[in-house]
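Undergrad: Provided herewith is a single structure, encoded as structure tokens, for subsequent inquiry.
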Amino acid sequence: MKNSLFLKFYLLEIAHFNPKYILMVGILLMSCEDSIFNNSDEIKYVNPADWVELYNPTNESITIGLWVFKDGNDDHIFIIPENQILEPDQYMVLCKDSLAFNDNFPNISNFIGEFDFGLNGGGELVRLFDAEGGTVDEVDYDDSSPWPLEPDGNGPTLELIHPSLDNGLGANWSASDINGGTPGMINSVYATDNPNRIASGIVINEINYNSPDE
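Numbering (our numbering), first residue to last: 49 to 262.
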């Protein structure tokens, strides 16, 4: 990008001092614009692979080490590393591909991985269990109404409107306002005033499913 901008400046200087080169400079400048546009597109469409965000809405620190994340297949298991603690009002992202996630979100450090299964773009069950095997939370998301349609691998993620709402209901989710979502931070669609709240511990708060159906 910097090299292209320098070249544009250099070409404009040539045209200023040598008017007979104006046509040639114009053609070269158009070529520079195409190069800059193509490079920005490559940066914009990085695929971070599948990930799920957990959130602790309570006032207590919760030890989540050795908890288990699964999709609808009991053979698909990801065990959260030992000694992991989720502090109050904090987030943790479980990701399929740590390198891809870090490339796309270099400023986010509260993530762990890697789970070796994909999240189905057509919808499926995702589950979180504590170290004793008890169900902590589960979401059976879908890509048809009343679930939001936009997160179906098209840029936005699936975000819970408020962590105290029943995340088993599609109406309580929305497509993120930001392409790529808000992993490791407050959701872009967060609503501060929500009736019909339910008590909850750790919740599945955001889902990114960009993989092909698996």
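Think of the CB as a built atom: it goes at the ideal place given N, C-alpha and C, for glycine as much as any other residue.
Since this is a predicted model, take the numbers as computed values, not measurements.
Once you ignore the five residues that flank residue 209 on each side, which residues in its own chain have a CB closer than 8 Å to its CB?
TA: For the purposes of this step, residue 209 is taken as residue 161 along the sequence shown, with counting starting at 1. Taken in chain order, the residues that qualify are 220, 221, 222, 235, 237, 238, 239 and 242.
Undergrad: Return the CA-CA distance between residue 257 and residue 97, expressed in angstroms with no decimal places.
TA: Counting from 1 along the sequence shown, the entry for residue 257 is found at position 209. Counting from 1 along the sequence shown, the entry for residue 97 is found at position 49. One C-alpha to the other measures close to 7 Å.
Undergrad: Assign residue 112 to one of two classes, buried (16 or more other C-beta atoms within 10 Å of its C-beta) or exposed (fewer than that).
TA: The residue you call residue 112 lines up with position 64 of the sequence shown. Label assigned to residue 112: buried.
Undergrad: Note down, in chain order, each residue of its chain lying with its Cβ closer than 6 Å to the Cβ of residue 211, except the 5 sequence neighbours on either side.
TA: The residue given as residue 211 occupies position 163 in the sequence shown. 103, 105, 251 and 253, listed in sequence order.
Undergrad: Leaving out five residues on either side along the sequence, give the residues of the same chain with a beta carbon under 8 Å from the beta carbon of residue 89.
TA: Translated into the one-based positions of the sequence shown, residue 89 becomes position 41. Confidence at residue 89 is low in this model, with a pLDDT of 39, below 50, so its placement is unreliable and the value that follows should be read with caution. Hits under 8 Å: none found.
Undergrad: Is residue 231 closer than 8 Å to residue 153 when the C-beta atoms are compared?
TA: The residue labelled residue 153 in the question sits at position 105 within the sequence shown. The residue labelled residue 231 in the question sits at position 183 within the sequence shown. It is a contact, given that the beta carbons lie within the stated cut-off.
Undergrad: Tell me whether residue 197 is buried or exposed, calling it buried when 16 or more other Cβ atoms sit within 10 Å of its Cβ.
TA: Counting from 1 along the sequence shown, the entry for residue 197 is found at position 149. Classification of residue 197: exposed, given that the 10 Å Cβ count is below 16.
Undergrad: Output the residue ranges of the beta strand (DSSP E) runs that lie fully inside the stretch 210–247 and measure 3 residues or longer, sorted by chain position.
TA: Counting only runs of 3 or more, we get 221–223.
Undergrad: With a threshold of 6 Å on Cβ separation, who are the neighbours of residue 173 within its own chain once the five nearest residues in sequence on each side are excluded?
TA: As a working note, residue 173 is residue 125 in the sequence shown. So the qualifying residues of the chain are 120 and 188.
Undergrad: Please report how far the alpha carbon of residue 249 lies from the alpha carbon of residue 184, in whole angstroms.
TA: Taking the sequence shown and counting its residues from 1, one reaches residue 249 at position 201. Taking the sequence shown and counting its residues from 1, one reaches residue 184 at position 136. The straight-line gap from Cα to Cα measures roughly 8 Å.
Undergrad: Tell me which same chain residues have a C-beta within less than 7 Å of the C-beta of residue 190, skipping the five on either side of it?
TA: Position 142 of the sequence shown, counted from the first residue, corresponds to residue 190. Only 171 and 218 meet the Cβ criterion.
Undergrad: Tell me the rounded alpha-carbon separation between residue 162 and residue 156.
TA: The residue you call residue 162 lines up with position 114 of the sequence shown. The residue you call residue 156 lines up with position 108 of the sequence shown. Distance between the alpha carbons of residue 162 and residue 156: 16 Å.
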